[in-house]
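Peer 1: A single structure is presented below for examination.
Residue numbers (this note's numbering): 730 to 817.
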């Protein structure tokens with residue numbers, strides 16, 4: 730089963746997951762929640778969003794962002810991206 734994989738494998742997988750899916754995975758179970766508590770996972774997620782929709786202030790602030798700030802910015806940016814993608 731997926732959640733029975735070693736933590737380092739789960740972390741590696743989570744680093745390649747789309748930001749919206751990363752946020753959803755956190756809500757499924759403790760194992761996936763814990764595997765998304767790695768800072769680098771969130772850095773990759775924000776970089777993924779910024780590659781689609783560049784935001785110079787976020788790019789500049791990225792190295793000094795706390796985990797809370799990373800999660801907040803990713804959640805907000807992912808919601809905005811989803812709103813832009815939905816057909817009218």
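No residue lacks a Cβ here, since even glycine has one placed at the ideal position from N, Cα and C.
1. Can you tell me which of 776, 781, 807 puts its alpha carbon nearest to the alpha carbon of residue 792?
2. Provide the residue span of the alpha helix (DSSP H) that contains residue 743, from first to last.
3. So for residue 796, helix, strand or coil by DSSP?
4. Using the C-alpha atoms, what's the distance from residue 765 back to residue 759?
5. Should residue 816 be labelled buried (16 or more other beta-carbon atoms within 10 Å of its own) or exposed?
6. Rank 796, 754, 805, 757 by C-alpha distance to the C-alpha of residue 767 and give the top, closest one.
7. Please state if the CB of residue 774 and the CB of residue 751 are separated by a distance shorter than 7 Å.
Peer 2: So, from the data block:
1. The residue you call residue 792 lines up with position 63 of the chain shown. Ranking the options by Cα distance to residue 792, first place goes to 776.
2. Start at 1 with the first residue of the chain shown, and residue 743 comes out as number 14. Taken as a continuous stretch (DSSP letters only), the alpha helix (DSSP H) holding residue 743 covers 736-743.
3. Reading the chain shown from its first residue, position 67 is the one you call residue 796. Here residue 796 sits in helix by DSSP.
4. For the purposes of this step, residue 759 is identified with residue 30 of the chain shown, where counting begins at 1. For the purposes of this step, residue 765 is identified with residue 36 of the chain shown, where counting begins at 1. If I take the Cα positions, the gap works out to 10 Å.
5. Walking along the chain shown from the start, residue 816 turns up at place 87. Because the pLDDT at residue 816 is just 47, under 50, the model does not fix this residue reliably, and the point stays unresolved.
6. As a working mapping, residue 767 is identified with position 38 in the chain shown. When only C-alpha atoms are compared, the closest one is 796.
7. Start at 1 with the first residue of the chain shown, and residue 751 comes out as number 22. Start at 1 with the first residue of the chain shown, and residue 774 comes out as number 45. For residue 751 and residue 774, yes; Cβs fall inside 7 Å.
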